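Peer 1:
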Amino acid sequence: MRRLPARRWPASARIFPSITRARLGHTVAVLLTITSTAPVATDLGFLLHKHPGRVQEFDLAAGRAHVFYPEADERRCTAALLLEVDPIALVRGRRAGAPDAFSLAQYVNDRPYAASSMLAVALGRVFRTALAGRCDARPDLPGRPLPLAIHVPALACRGGAALAERLFAPLGWSVRATAVALDPAIPAWGESRYLDLRLSGEVRLADALNHLYVLLPVLDDAKHYWVGIDEVEKLVRAGQGWLGTHPERRLIAERYLAHRRGLVTTAVGRLAEVDDTEPEVLDNAVPDDEPAEPAGIPPTADTLVATGTLATADTLVAGGTQATAAGTADEASEAVADRQPGLAVQRRNAVLAALRAAGAGRVVDLGCGGGALTGDLLDEPSVTQVLGVDVSHRALEVAARRLRLDRLPEKRRDRVTLIQSSLTYRDTRIAGFDAAVLMEVIEHLDPPRLPALERCVFGYARPGTVVVTTPNAEYNVRYPGLPAGTLRHRDHRFEWTREQFRQWAAGVASRYGYAVRHEPVGPDDPEVGSPTQLAVFTDASDSKAVADMTGGTAETNEASAKTNEASGTTADDEAKGEAA
Amino acid sequence: MSDTLTEASATVPATEPIRLGIPAMALVVLVGVSGSGKSTFARDHFGPFEVISSDYCRGLVSGDENDQAATADAFDVLHYIAGKRLAAGRLTVVDATNTQPEARRKLVELARAHDVLPVAVVLDVPEKVCVRRNAQRPDRDFGAHVVRRQRDQLRRSLRGLAREGFRRVHVLHDEREISAAVVVRERLLSDFRHLTGPFDVIGDVHGCRAELEELLEALGYQISRDSSGRPVDAAHPERTAVFLGDLVDRGPDSPGVLRLVMGMVAAGHAQAVPGNHENKLVKALSGRSVQRTHGLAETLDQLAGESDEFRAEVLAFCRDLVSHRILDGGRLVVAHAGLKEAYQGRASGRVRSFALYGETTGETDEFGLPVRYPWADDYRGPAMVLYGHTPTPEPVWVNNTMCLDTGCVFGGKLTALRYPEKHVVSVPAHRVWYEPAKPFPRPGEDSGRREPDLLDIDDVLGRRGVETGLLGRVTVREEQAAGALEVMSRFALDPHWLLYLPPTMAPCATSAQPDLLEHPAEAFDAYRADGVARVICEQKHMGSRAVALICRDEQVAVRRFGVAEDAGGVVYTRTGRPFFGPETTAALVDRLRATATAAGLWDRLDTGWLLLDCELLPWSAKAEELLRHQYAAVGAAARSALPAAVEALTAARGSGLDVDALLTRTRARAVNAEAFTEAYRRYCWPTDGLDGVRIAPFQLLASEGATYQDRDHGWHLDVADRLAEAAPDLIETTRRLAVDTTDPDSVAAGIAWWRELTEAGGEGMVVKPWDNLVRAGRVPAQPGVKVRGREYLRIIYGPDYTEPANLDRLRERRSLNRKRSLALREYALGLEALSRVAAGEPLWRVHEPVFAVLALESEPVDPRL
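Same order as they appear, the protein sequences are chains A and B. Counting with the working numbering, you get residues 354 to 933 for the letters of the first sequence. Counting with the working numbering, you get residues 194 to 1058 for the letters of the second sequence.
(1) For T555(A), count neighbouring Cβ atoms within 10 angstroms of its own Cβ and tell me buried if that reaches 16, exposed if not.
(2) Need the endpoints of the beta strand (DSSP E) that Q773(A) sits in, please.
(3) Which residue comes first and which comes last in the alpha helix (DSSP H) that contains C744(B)?
(4) When the Cα atoms are used, what is the spatial distance from E908(A) to A868(A)?
(5) Pull up the CB-CB distance for T431(A) and E424(A), whole angstroms please, since I reckon it's below 8 Å.
(6) Does T870(B) pass the burial test, meaning 16 or more other C-beta atoms within 10 Å, or should it be called exposed?
(7) Going straight from the alpha carbon of A872(B) to that of Q823(B), what length do you get?
(8) Check whether the stretch 342-351 of chain B touches the stretch 485-502 of chain B, counting contact only when three or more Cβ pairs, one atom from each stretch, lie closer than 8 Å.
(9) What residues in its chain sit with their C-beta under 7 Å from that of T703(B), if we drop five residues either side in the sequence?
(10) What does the alpha-carbon distance come out to for the pair H307(B) and P319(B)?
(11) Using a Cβ cut-off of 9 Å, pull out every chain B residue sitting near H746(A), in sequence order please.
(12) Any C-beta of chain A within less than 7 Å: which residues of the stretch 498-523 of chain B qualify?
(13) How big is the Cα-Cα spacing for L532(B) and D384(B)?
(14) Tell me G252(B)'s beta-bridge partners as DSSP assigns them.
(15) Which residues of the stretch 811-835 of chain B have a Cβ closer than 8 Å to any Cβ of chain A? Give them in chain order.
(16) What are the uninterrupted segments assigned as alpha helix (DSSP H) that are 4 or more residues long and contained completely in the stretch 967-1043 of chain B, given in chain order?
(17) For the alpha helix (DSSP H) that contains K231(B), what are its first and last residues?
(18) Taking a contact to mean a Cβ-Cβ separation below 7 Å, would you say G523(B) touches R386(B) in this structure?
(19) Chain B beta carbons: is any one of them nearer than 7 Å to that of A473(A)?
(20) Name the chain B residues that come within less than 7 Å of V889(A), Cβ to Cβ?
(21) Straight-line CA distance for S848(B) to Q409(A)?
(22) Compare the Cα-Cα distances from R557(A) to each of R497(A), L758(A) and A725(A) and report the closest residue.
(23) Between T433(B), G449(B), C511(B) and A460(B), which has its C-alpha nearest N469(B)'s C-alpha?
(24) With a cut-off of 7 Å, does the C-beta of V376(B) fall near any C-beta of chain A?
(25) For chain B, check one thing: does any of its Cβ atoms lie closer than 7 Å to the Cβ of S553(A)?
(26) What residue range does the beta strand (DSSP E) around C596(B) cover?
(27) What is the C-beta distance between V932(B) and C730(B), in whole angstroms, given that I count them as a contact (C-beta under 8 Å)?
(28) Taking E1050(B) as the query, report the chain A residues whose CB atoms sit under 8 Å from its CB, ordered along the chain.
(29) Tell me the DSSP secondary structure of G741(A) in three-state form.
(30) Should N1010(B) be labelled buried (16 or more other beta-carbon atoms within 10 Å of its own) or exposed?
(31) Taking a Cβ distance cut-off of 8 Å, strictly less, list which residues of the stretch 721-755 of chain B are near chain A, in chain order.
(32) How would you label V479(A), buried or exposed, when you count the other beta carbons within 10 angstroms and need 16 or more for buried?
(33) Taking all protein chains shown into account, decide if T668(B) is buried (16 or more other Cβ within 10 angstroms of its Cβ) or exposed.
(34) Which residues in the same chain have their Cβ closer than 7 Å to the Cβ of A726(B), if we skip the five residues on either side of it in sequence?
(35) Starting from the C-beta of E552(B), find all residues in its chain whose C-beta is less than 6 Å away, skip the five residues before and the five after it, and write them out in chain order.
(36) I want to see whether chain B comes within less than 7 Å of A620(A), judged by CB atoms only; does it?
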């Protein structure tokens, strides 16, 4: 097997490279103000450990933070935290050993202006004591709820004002969030992902700061920094006393811990940027929420819970009942019900059943993606060899980790191979298998490229059995969340009705000498059929296999069915050789 | 090749040299007991790397040349090395005792596996000489009994060597003969590389004498006749005919065809390779029993009317034909049924079998005929292969191979290909001479479209070097290819359409001007330093790079590019992705085609298709998502955050805090953010389908048989202007200014022009050598250098890049070398792709440099350059 080169992983330091001397050029922007209207409002200065009469500066990894008081009298006292992010120093120009971190998005981004994880980091540094709820000078103060007003003029928020309401309101805040227009000159573009957020409520200052510390990055939910095990501890610490009972605790934990692809480091991502496209649009072979980090670092909140790492915070997620994959409203439109675990499992089971019926021992999983089916195949005792093939290098890395290739017992390890290849290029390595599976693959190809796939798989690799699954477009009306006329996945190039799939399958079978039968997968709706459709192609020159085909309709191509007596031509095999 | 057994006779005086003929590509197996002088013999007659010694291999694996325990491993190594050499077609000599049949059998198998001839050279030296020599060597401590046993094995083997498969056996009996031996390397019988043509390669004749005469006359051959008026020779003053076999059977006059071709071959006016029908005729004429089917009966009947002498000549002629021929320095291979690369220039039973019969899949089709394996689909060899055997209605190129059997005897036509011109010449059959087993399409009948070429994963994956005419070998690293494969497979157009991907372009050197990163003076200076006096400044359009391939009609698309019939062209991005969906693309292609027609380009350039380098406007047509998510978002966040920050700071100052510096900075940032927003807005305007879309062509890349990198940019822009005149509502002209880099006034005018462009909101300009492709010493000069405007760069470097401190830091880190090198490599690959297209090379050859450009684009280079 082709060895997969080890991926270089960004260390958190790469995103927050240390600025040796932030002399000049700071971009002033990220702003947060906290106003107290308590009877002795200036007590806020004691609580924050920052004197209202002074302007203080703090050097941080991401830039420089300033704390000052726009107003400070007995009735009303406002502290402002202004973070100057230096976008030029934010990215070190050329670093030895990390040349592949180049990405245009690093240079032009909203970080200098928008409240996000960087502001949370600054908050943690500048108000560390206040966050901990300590005030040695006035020990009576921290325990006391204060009438507070918080203003964040540019809050990056994926999920809109509604999500900000959902996250802050249960904590006792009255929430006023206004969406900021993307560009007033181009109204068609609508709203940006920023909110002008104003919170008010009777809250202890330490709680308020902790709420912000946790929820700013959760709302932002953007590519931020590397999440390691220490982030879990931070979350547990900052969430004490409020996160465990928060109705959205699961979403908060998942987003906070969701590990993000830090920077675009893949070749595919760079090619996207070359073409003025966001990296995620092309580098999407496996979803971001697939575990994609080196083994050893727990990938998701679920795993953390499972492994007991979050033992101290088990209340955090214990009550969580939401689906795991897509927790938020705006994700739901992209990942529709089709991707619910139930159907995916049924689909894999249907494929496995078809392979069992065909008696396939050597199986090639074409377009194996993250390796879910590859893993199932490995669990089938009758399958002696599995070849997982994908065009995406990143998908293969995910698959390799999911299958734990590096620590499988040797016997099991010898049964599986992962290779990068493309179904529109002929590849001898995929030839000679008993069966090939194209599970939810063809709909990711532009229709003009399908003939090349057909020739490569059915004409050239020519497995005895080919199992193909694809969505049934007719069934889409049964998904309430899916607007009419849209496809189930952003990368789908088409979705076929049952008739369209049958026509395609019959054409392929006749051109390449296969017999084909069809099966539904998932609930078979009398009107629109099943959500997934499955076709089993059997090499028609293998007459016994064709005869064995049961169920469904076997459409055998006559011309190519009678090919058995043919034999190789040699120099002595003149009668055949001379037939021309 | 005939088997020979040279027994150097004792009567030959030792002083006379004994010639040992060795085929130039062979596995030479030395046979002789320990101490018989094999190593000395090998050293005397062969090159140091040609000889592989078992003793040496023992040393390699064990550290001791005489460690008999290491023998098995040593022979593994020996066979491995020999296999690598034979695979590369290199003569190889095995220096081992080889007295045991088992040892020789493995070597014969190895030779056959690589289709080279096994040759045995036996050193039959008296036992006592060997024993004496061994005794003199301190490292050989085995006794005389070992030598005796080996010699017994040798004596028993001698007679059977030819039967074991050795195609030549040379036996040297004593030291005198050994010292008199001279190795003579012989050219392989298939090796005619020294003949350079020009050739006329003629497909299957099958007894169609009249058509053959007509074809030869059409090709300009003068036919000579005997007293009975029968053609016996045909000659051309400059050219040689090459017959691809199957001269006989089925047709009306096989003897007549033989008489003519044999005459031409004898006179040196033609060459021939055998077909399967000649092979069978040899058997029939030799008195062996064969089925008189597939037209053999007719031939034998016709020959019955000829003299015994003529039949004997026919037998000798057909019997001595060699399976295939390598011609013209290895650039041309002819074989009746074709020949895959690994078999070219080789000699073995299976090579001959392939050349005569081709390869079959082991299946038969609906007419009971064997299904042929489409070896040509896999063919990646550098040599052109011309062949016949399988009747086809029209000859077509498949990966630099062409089948010239156009079914004359079935009523098709008789075809020749002129080499090296690649012109096809045909004459129609007079009638159907023989009914084929499966229907042969009549001339003019639709024969069905040939399936387009299929690319192989090995054409692109892994570390590769692509040879370019401009820069030599350009390397693509494995991980770059891996990334490009995903984009090419999942997002790009069908590779049949992708004749070219545009190279990246370097910016000018960093300007030292206080408020700028880029300034035209740098570009002019650089070209002047490269010796380029005349340059052209072209307005840089505010859109996306686009390549447009426009066919004159759908049939051209099908015929020339092997794509589906519903499209007559494509418009794609710099990574090969379509800009629009199928309908909008078709509409755009239609309009571009009409524009080209109105501009008279088809006739002016004598072509059925055009490949244009363009800019597609507006940028938002392609990059709206990016503009919204990245650029507009920055503006929105800044617009919301900065006024609030200014307000807070103003209040703080009002209460006496010292925030003046912070406030000043913050206000400046607010201004910068506004300028940033203004900058990106210039790239956005609404489009709906094609409404609002503009195309600015600036260079003609290729048309049928032609590339245009040698035409100056004045010519290219003239073509663009004609298009713009023809469709002013779609085609945007490119503003331009010629500058003489050696004339200060002209340079000043160029700088002023750039200022005017950019101050009016333009993106900037591109400076190119007026003459287009020019060299600066050994390497080509940069084909273009961009000089971008100050405001445009705000979207690249961020709103605040113009702050002096930021500019200083940016200048410090701006390093252009990688970008320049990348630009040149991609330029060389792009031109290579175009020249391969123009030369009509197969798809995989065109795809190779195109894919390489995409792969190189994933190289991590500062994306702001």
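Built from N, CA and C at the ideal position, the CB exists for glycine as well. All of these numbers come straight from a predicted model, not from anything done at the bench.
Peer 2: According to the structure shown:
(1) Reading the sequence as shown, one finds Glu at residue 555(A) and not Thr. Exposed, by the Cβ-count rule.
(2) Note, Q773(A): beta strand (DSSP E), V769 to Q773.
(3) Element bounds for C744(B): not the alpha helix (DSSP H) but the beta strand (DSSP E), S737 to C744.
(4) A caution first: E908(A) carries a pLDDT of 43, below 50, which makes its placement in the model unreliable, though a value can still be read off. Taking C-alpha positions only, E908(A) is separated from A868(A) by approximately 5 Å.
(5) 5 Å between Cβ atoms; contact.
(6) When all chains shown are included, T870(B) counts as buried.
(7) Distance from the CA of A872(B) to the CA of Q823(B), rounded to the nearest whole angstrom, comes to 13 Å.
(8) Short answer: they don't touch.
(9) By the criterion of a C-beta distance shorter than 7 Å, T703(B) is surrounded in its chain by L710, R1004 and R1007, once the five residues flanking it on both sides are discounted.
(10) The alpha-carbon separation between H307(B) and P319(B) amounts to approximately 34 Å.
(11) Listed by position along chain B, the residues whose Cβ is nearer than 9 Å to that of H746(A) are E672, A675, G676, L678 and E679.
(12) So nothing in the stretch comes that close.
(13) Their Cα atoms are separated by approximately 14 Å.
(14) None; G252(B) has no bridge partner.
(15) The residues in question are W812, K815, A816, E818, L819, R821, H822, Q823, Y824, A825, A826, V827, G828, A829, A830, A831, R832, S833, A834 and L835.
(16) Runs found: 985-990, 997-1006 and 1010-1031.
(17) K231(B) -> alpha helix (DSSP H) spans K231 to H238.
(18) G523(B) is a Cβ neighbour of R386(B), given a cutoff of 7 Å.
(19) Interface annotation, A473(A): not in contact with chain B, CB-CB separation never under 7 Å.
(20) Within 7 Å Cβ-Cβ: nothing; V889(A) doesn't reach chain B, min ~22 Å.
(21) Looking at the two C-alpha atoms, the distance is approximately 15 Å.
(22) Closest option to R557(A), judged by alpha-carbon separation, among R497(A), L758(A) and A725(A): R497(A).
(23) Closest in C-alpha terms to N469(B), from the list T433(B), G449(B), C511(B) and A460(B), comes C511(B).
(24) Taking Cβ atoms only, chain A never reaches closer than 7 Å to V376(B), which makes this a no.
(25) No, S553(A) lies away from the interface with chain B (no Cβ there is under 7 Å from its Cβ).
(26) Run containing C596(B): T594 to C596, per the beta strand (DSSP E) assignment.
(27) Right, their Cβ atoms sit about 6 Å apart.
(28) For E1050(B), the neighbours in chain A by C-beta distance under 8 Å run, in chain order, R623, L624 and V627.
(29) In this structure, G741(A) counts as strand in the three-state DSSP scheme.
(30) Burial call: exposed.
(31) If the cut-off is 8 Å between Cβ atoms, the stretch 721-755 of chain B has S737 near chain A.
(32) Around the CB of V479(A), 16 or more other CB atoms lie within 10 Å, so the residue is classed as buried.
(33) Exposed is the call here.
(34) Counting only residues of its own chain and dropping the five nearest sequence neighbours on each side, A726(B) has a CB closer than 7 Å to the CB of D933, T934 and T935.
(35) Spatial neighbours of E552(B) in its own chain (CB-CB distance under 6 Å, excluding positions within 5 residues in sequence) are listed in chain order as Y566 and W568.
(36) By this cut-off, A620(A) is an interface position.
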